[in-house]
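Protein chains in written order, with this note's numbering: chain Y, 1488 to 1992; chain F, 1488 to 1992.
Structural data, given as structure tokens:
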């Protein structure tokens, strides 16, 4: 059938066209069917939407991304023919039925994800069925390799490439800002890509951005690493393992994170930058992604096994994730806390111990050190790590002379005080993240929370518990409302709820 | 945040708005998040899309259906606030984890489906996880009740209401056109809703439409039934159990049909019209929806159990579905075959035996007859069923004097001949449907296939096997191509494939 192109000024995630109800009946098409459109030498496979009013008979509506990809103009004539579902839909059905997929099938699915050949319904079906049935380690290996191969890769001619990753979900986990310079100052290469916060209060990329730009291509990531020995960039700007971004889009609305995708996504990023030695930080505890330590151990075993299949030397650190790391939550507050520790070796013990402990593992597995933690501490305390950090900041285009006291945090503040005396027995990760987000983090860099007291500390009535920082008054109000809605920490002996009515203030 | 409405002339299945990337960052929103929009007294919950170019900062794009539902105009100011996920998303996650849902949770999900509060990703997750984990009979009962309660219902002050349903997938299964008049002529009420073909060559509604309009509201369905004793209408035009339509939209791209949804959807339609006695036709055999008879028996038990929970007297007929019913496939051809049988009691035995057999069960379970099949045959052969059928056609607005010889079938024809001698050992349901669809069915009413020979018959080389009918030459060519691609029947002894190359012609 021949149709005339009409431009629809809307962006869509998928390549899609709109045709008129009558033309659709004529062609036997229903919404979601796939068609191939042709014009001269151009051809593109798209999915079909059907409308009575958006386009008339004989017209075909092309969304802006589809129009661009297909290279047509309004008014052009195109031909369309129905095409059958891609073979990967059959593979996805096999996964729904609990069968094991072949290497070829997994590659085809991942290619389909990257090329947008797989529709959202199909991708969701793949993610959900992988979540329910799981994947065995061989399938996860194939998935990882497919993710690596469908994205960009970098490699270094000489030097030893290492990397680290922290499983998310724990606020304040800014350890990469300490680990990367510690490691890089020993001569190891650490081209670290990080995420921005999706549901968190600040990802490593958001924090690093307080000091320097973080959006670079894979090639630029390599150059930065060659110059400074390390980098702290946003993975989303590179084209490394791009399948992951689309998978996250369907995981997020359901807040699920299938083990197979988590393992593959982390290791694909490490594989893509050519890491030979990798340490994975797995925080366990209430309110973290892995509440149970046994689950953490199982995950650790899988990371190690997957690493060995991919030729990477992986070691995992199971850490405490039942509360925030350090005292700062939110990009600028975390940036300041990390830089202060680089400057002085001082600051929250939870941050100091964790950062040097994880860095130490990397120093040991690469043979750089026999007592890695001690050496990591020495590098940190000697000021070498600070020097290296400033070097990285400089190469990434930031201010080489940045000091922690110069970091600007939000000027709108609200201090929350204790009402009762007692020990702090619980800090609620998720609640603190919600409050920090309500205050504007991660978009407003200066927004966040500073914890004056942490778990195990004794407080008296009237003591300062935490301060909320914001850049905008209305966001500060939103954050205070969140605190009143449900208090984010528990002081032993505190009245938790009161009927008929109780408000914190 | 206050935003100015911009109209986007595109229809979307879901209520959705587009906001600018910067505003989204400001509000901490990511694609797929839910927001509530407000203007004066109007408010609507929608999902968010994010774009750099479709709308500018301070603008909010509303798709046509969202604009209409919300009742705003281009240029209006609206406020938006983020809202959290509906509780039903948590329930869907519980289903993903294999847990049993409560009655309240299932009602909430179904309401969310009907109100478009549940997004496609979430709905897909619900369907896939129900498919993998299954639902127990109690959950299926709640699902059915929720589907009934979220749609329109009809009830009759007096009389006995009965209904039938055939599980789909078998071409040519036009038995409702015979059963409805047979049953209605005994004084039972049979307000039958049917589907149009989605992936088939002709649903009962498509076939009936050859004789009379089929699009009526629930109220009109009741009136027709009161006047004529029976009706043959399209369920999609009523608002009966509307959740089903949306569920089908995500099942179709994956061609899955979870048992729980199938049972609930069928029984919800029967429950909504107040049926007290129901017969379910379950065709089993190769190429049907239920290839294995044991699976058919299990399904039958579930239908009976579900019926008893809902207060309906259900009986199932397991029938042969390994090949087409009758000789005609496609709306007009099937309409002609059914009407001819009503006129003469003559025609394919497979159709005669099945229609009277299934009708007979209804006559027996309602106590109308002790030998239901015999009585059904008597009603059919006496011309009473024909008279009743014409009455129904008349009340639905069709031609009261319609004759089978007046039914117009496609004037483009192609006869396929046998190349070898032997018995026909296999007719491929799916292949025949594909050919009929390629020829234009169900959109082109006159398109379809007439089988001159069926399974078990002896053919000689040169005998006519089947005729393809089409209304358009190019569609006939498409259908012939399909035949050449893969032959839809097997004659014992026929060479099935030949290397290096073999074509049927």
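Don't be surprised by glycine CBs; every beta carbon is placed ideally from N, CA and C.
Every value quoted in this text rests on a predicted model; they were computed, and no experiment measured them.
Reduced DSSP secondary structure (H/G/I, E/B, other) of residue i
i                       : result
residue 1991 of chain Y : Residue placement at residue 1991 of chain Y is flagged as unreliable, the pLDDT there being 47, under the threshold of 50; a coordinate-derived value is accordingly withheld.
residue 1739 of chain F : helix
residue 1643 of chain F : coil
residue 1872 of chain Y : helix
residue 1909 of chain Y : strand
residue 1668 of chain Y : helix
residue 1512 of chain F : helix
residue 1681 of chain F : strand
residue 1974 of chain Y : coil
residue 1770 of chain F : strand
residue 1618 of chain F : helix
residue 1554 of chain Y : helix
residue 1805 of chain Y : strand
residue 1775 of chain Y : coil
residue 1548 of chain Y : strand
residue 1520 of chain F : coil
residue 1937 of chain Y : strand
residue 1862 of chain F : helix
residue 1955 of chain Y : strand
residue 1662 of chain F : coil
Within-9 angstroms CB hit, residue i to chain F
i                       : result
residue 1496 of chain Y : yes
residue 1822 of chain Y : no
residue 1517 of chain Y : yes
residue 1723 of chain Y : no
residue 1935 of chain Y : no
Residue i versus residue j - alpha carbon distance
i                       : j                       : result
residue 1503 of chain F : residue 1581 of chain F : 26 angstroms
residue 1900 of chain F : residue 1935 of chain F : 10 angstroms
residue 1660 of chain Y : residue 1838 of chain Y : 8 angstroms
residue 1964 of chain Y : residue 1926 of chain Y : 8 angstroms
residue 1765 of chain Y : residue 1530 of chain Y : 43 angstroms
residue 1850 of chain Y : residue 1573 of chain Y : 47 angstroms
residue 1804 of chain Y : residue 1537 of chain F : 38 angstroms
residue 1754 of chain F : residue 1914 of chain F : 31 angstroms
residue 1903 of chain Y : residue 1818 of chain Y : 20 angstroms
residue 1750 of chain F : residue 1770 of chain F : 15 angstroms
residue 1651 of chain F : residue 1522 of chain F : 43 angstroms
residue 1897 of chain F : residue 1957 of chain F : 5 angstroms
residue 2009 of chain F : residue 1748 of chain F : Here chain F covers residues 1488 to 1992 and nothing more, so residue 2009 of chain F does not appear.
residue 1607 of chain Y : residue 1679 of chain Y : 30 angstroms
residue 1565 of chain Y : residue 1539 of chain Y : 20 angstroms
residue 1694 of chain Y : residue 1666 of chain Y : 14 angstroms
residue 1823 of chain F : residue 1969 of chain F : 25 angstroms
Under 8 angstroms from the C-beta of residue i: neighbouring residues of chain F
i                       : result
residue 1737 of chain Y : 1608
Contact list for residue i against chain Y, beta-carbon separation under 8 angstroms
i                       : result
residue 1993 of chain F : Absent from the structure is residue 1993 of chain F, since the part of chain F shown begins at 1488 and ends at 1992.
Below-9 angstroms beta-carbon distance, residue i vs any chain Y residue
i                       : result
residue 1572 of chain F : yes
residue 1541 of chain F : yes
residue 1536 of chain F : yes
residue 1551 of chain F : yes
residue 1765 of chain F : no
residue 1505 of chain F : yes
residue 1783 of chain F : no
residue 1500 of chain F : yes
Residue i: contacting residues in chain Y (beta-carbon distance under 7 angstroms)
i                       : result
residue 1512 of chain F : 1930
Neighbour list for residue i in chain Y, Cβ cutoff strictly below 9 angstroms
i                       : result
residue 1576 of chain F : 1740, 1741, 1742
residue 1685 of chain F : 1517
residue 1583 of chain F : 1615, 1618, 1619, 1741, 1743
Report the residues of the stretch 1602-1618 of chain F with a CB closer than 8 angstroms to any CB of chain Y, ordered along the chain.
Those would be 1606, 1607, 1608, 1609, 1611, 1612, 1615, 1616, 1618, in chain order.
Could you run through the stretch 1912-1929 of chain Y and flag, in chain order, every residue whose CB is less than 7 angstroms away from some CB of chain B?
No chain B is part of this structure, whose protein chains are labelled Y and F.
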